[in-house]
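Protein chains in written order, with this note's numbering: chain A, 1 to 135; chain B, 136 to 270; chain C, 271 to 405; chain D, 406 to 540; chain E, 541 to 675; chain F, 676 to 810. Ideal placement from N, C-alpha and C gives every residue a C-beta, glycine not left out. Everything below concerns the one structure shown next.
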């Protein structure tokens, strides 16, 4: 159970600002399905508008990285942050964007390797090589 | 400073198992540079062999994901885990594999979005939509 | 399911040290309800006494921060640590201490901003400005 | 060292979009000092505008939570995420907004308690009490 | 629900590489029970072989640390990473290896102390004493 | 640099409550060295007393786990939490309590395995086996 109310479509229809965002989500994604994250954010119209606006700009607009790569990066962060909902929703999004089983298998292998070497590096407190400092 | 000794090339030369791994790292990467992570792992030859063996299989061998995508996934996990060394080393690796400034900018935007929505989802304890459960 | 037994009131009644802590929790909170965290800690009377003693001193005793602010800090840490139980229990506590929907909305916005900028800062490894170093 | 270039004021002056954000940061904060986070974000004007726009809306605009409380929430998240830069910058901001030593001492105590009980709850996998589920 | 299919014994029987790993898990643990982690990894035979091979070498082979100590370290990491499944499976493994209630109580106390002092240290950004730098 | 002042011995001598804790730390550890963590906590005498009191009870008093095992658990949590200071101080403590290179090597291997499998389990959202639920 969430700590906030999840807005039904009927409730959304009663708030013009929220309805406008939901309309844009549906139009942008070409799907009638609006997942619980947005129904939870609907409790704060300003937060809903800001979050959807940024997500649309970052994840939907065409850019230098393809959509599937962006989803893999999203799942990677969500995994390390232990966000179960986010792992589920973005893994589903990655599949919808064409992720194959072979790609997912390699993704998991990289995430596992990173989890292992992150732990080893932190436990040994390895100092950064000067060669890596280019900033 | 690390919690373990970082092996110099001279020390590596005195241990055949460690030397063999360092030789393979140099040959595989076509570079004489061996970074501190491996010099720290050199204190335990079995761990060094196991870690390099797995990394080579996961990150170097050709597969369904291109090498740059794998590096981006690696940086994403390392960022969420707060591993400074890992962020530095894999960002350098991504640049070496051709990451452009535009790609890096989008990568950062996705990582930032994921950090934000992970926090919002966890704070609101949003329940997973049944539509995402395909396992 | 927990990894330890959750003590019922009947079981608590059979252990004088545990019963004394439960009595103090009920008296301090002016409520008969004792939540599962304390029923789990009851398996180790010393740990139960130490944890309740510290929590009472930190969260209940009057001080320089008001009780609601302390709960918001608690939820913030629990969110970043991904502790679902802690998010639920302290969000309920914040509401019981008068948190309004507007306050909660702003709290969520700050937690989201922090999640985003933490990720960006760590990914870019931004060095601390000398102006911030006052210690 | 950061993974990106930190823009100097001279470099900022050469990019109208970046300069406009820096001008607004200075005007909003009534200070000439612009910290490294913004100098790092300057590498991507869209990300700079989006992040400052959201931060201004969330942290600066008057609302239901006072500015100091927002900073304490920010430090709490940054601590749990292990973001050293963020801890430093927002602790400095909290002091600038009037945080007393007594308030900071209590803040630290709450953060420590949360760190402890988060760990205990997760290790024992305590199930959420039905009384907390109000969503 | 998992993001991947959990292989049944019948499905395992249809893949010789997967079957070989499952046989070795059962023989090594002297138990017919194979837990869900391996049934999930079965979707990628190379990952399954690599992970079981490493786990067997690290956790099962006799060494300088006794098996129960290794399990306690494993639960400690899993707790801090917020991995519910891992906490459950390794706490069960620790009990199977003889962990007493008194040992578990002390383990929880240490994990709680570490959670608290980690948070305090990070919030105060305590600099490392030169005395600790021996690497 | 820390966010708080690190108390020198001269400053400690001017505060009876702080001095009493420092005396007990020195007597308990049979060493004149008091590390920075306590010098930072000295800014809040109540927090200093409470933290040292709990740490002494948990880490120093004889119990069901030997002192080295407790230190290994402490480093494991500190590693996963990314607390550099804590990793350094408790690794030094573990060595002082007799940790051999072989034990440390195995510890690192377990921490690395846990980091890897935690990531894999979270990414795949593996459901807990009913066999593990004994609470």
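Buried versus exposed call for residue i [16 or more other C-beta atoms within 10 Å across all chains shown]
i	result
residue 167/B	exposed
residue 185/B	buried
residue 256/B	buried
residue 87/A	buried
residue 751/F	buried
residue 657/E	buried
residue 27/A	exposed
residue 735/F	exposed
residue 683/F	exposed
Closer than 7 Å at the beta carbon, the chain B residues around residue i
i	result
residue 766/F	138
residue 58/A	244, 245, 248
Cross-chain neighbours of residue i in chain C, by beta carbon under 8 Å
i	result
residue 638/E	Going along chain C, no residue has its Cβ under 8 Å from residue 638/E, so there is no contact; the nearest lies around 16 Å.
residue 166/B	Chain C residues near residue 166/B: none, gap ~23 Å exceeds 8 Å.
Proximal chain A residues relative to residue i, where beta-carbon distance stays under 8 Å
i	result
residue 357/C	3
For residue j and residue i, the rounded distance between their alpha carbons
i	j	result
residue 165/B	residue 157/B	12 Å
residue 220/B	residue 173/B	13 Å
residue 807/F	residue 688/F	53 Å
residue 659/E	residue 104/A	35 Å
residue 588/E	residue 757/F	28 Å
residue 686/F	residue 718/F	10 Å
residue 586/E	residue 618/E	24 Å
residue 424/D	residue 494/D	22 Å
residue 676/F	residue 710/F	15 Å
residue 275/C	residue 311/C	9 Å
residue 294/C	residue 513/D	25 Å
residue 215/B	residue 376/C	24 Å
residue 742/F	residue 602/E	21 Å
residue 739/F	residue 328/C	29 Å
residue 691/F	residue 678/F	23 Å
residue 670/E	residue 535/D	50 Å
residue 631/E	residue 91/A	29 Å
Residues that residue i contacts on chain D, provided the C-beta gap is smaller than 8 Å
i	result
residue 343/C	477, 478, 481, 512, 515, 516, 519
Where residue i meets chain F, residues with beta-carbon distance less than 8 Å
i	result
residue 325/C	Chain F residues near residue 325/C: none, gap ~11 Å exceeds 8 Å.
residue 179/B	780, 783, 784
residue 487/D	756, 757, 758
residue 668/E	711, 759, 760, 763, 764
Proximity test, Cβ basis, 9 Å: residue i and chain G
i	result
residue 506/D	Judged by its chain identifiers, the structure shown contains no chain G, and its protein chains are A, B, C, D, E and F.
Proximal chain E residues relative to residue i, where beta-carbon distance stays under 9 Å
i	result
residue 530/D	624, 627, 628, 631
Contact list for residue i against chain E, beta-carbon separation under 8 Å
i	result
residue 811/F	What the structure shows of chain F is the stretch from 676 to 810, and residue 811/F is not part of that stretch, so it cannot be assessed.
Residues that residue i contacts on chain D, provided the C-beta gap is smaller than 7 Å
i	result
residue 318/C	Under the 7 Å cutoff, chain D gives no residues; its nearest Cβ is about 11 Å from residue 318/C.
Within chain F, the residues that residue i reaches when beta carbons sit closer than 7 Å
i	result
residue 604/E	775, 777, 778, 781
Contacts that residue i makes with chain B (C-beta to C-beta distance below 8 Å)
i	result
residue 390/C	243, 246, 247, 250
Amino acids of chain A, ordered along the chain, whose beta-carbon sits closer than 7 Å to that of residue i
i	result
residue 163/B	Here the premise fails: no neighbours, minimum Cβ distance about 15 Å.
Interface partners of residue i on chain F, CB under 9 Å
i	result
residue 550/E	Those do not exist, as residue 550/E stays about 18 Å from chain F at its closest Cβ, beyond 9 Å.
Report task. Evaluate contact between the stretch 601-614 of chain E and the stretch 631-650 of chain E, counting only Cβ atoms and requiring at least three cross-stretch pairs below 8 Å. Result -> yes
Query - Stretch-stretch touch, CB-based, cutoff 8 Å, three pairs: the stretch 791-802 of chain F with the stretch 756-771 of chain F - result: no
Query - At least 3 beta-carbon pairs within less than 8 Å: the stretch 642-661 of chain E vs the stretch 713-732 of chain F - result: yes
Query raised in the report: Which runs of the alpha helix (DSSP H), 4 residues or longer, sit entirely within the stretch 418-446 of chain D?
Result: Within the stretch 418-446 of chain D, the complete alpha helix (DSSP H) runs of at least 4 residues are 421-434, 441-446.
Query raised in the report: At which residue ranges does the stretch 455-489 of chain D contain complete alpha helix (DSSP H) runs of 4 or more residues, listed in the order of the chain?
Result: The DSSP assignment places 472-485 as complete runs of the alpha helix (DSSP H) inside the stretch 455-489 of chain D, in order along the chain (cut-off: 4 residues).
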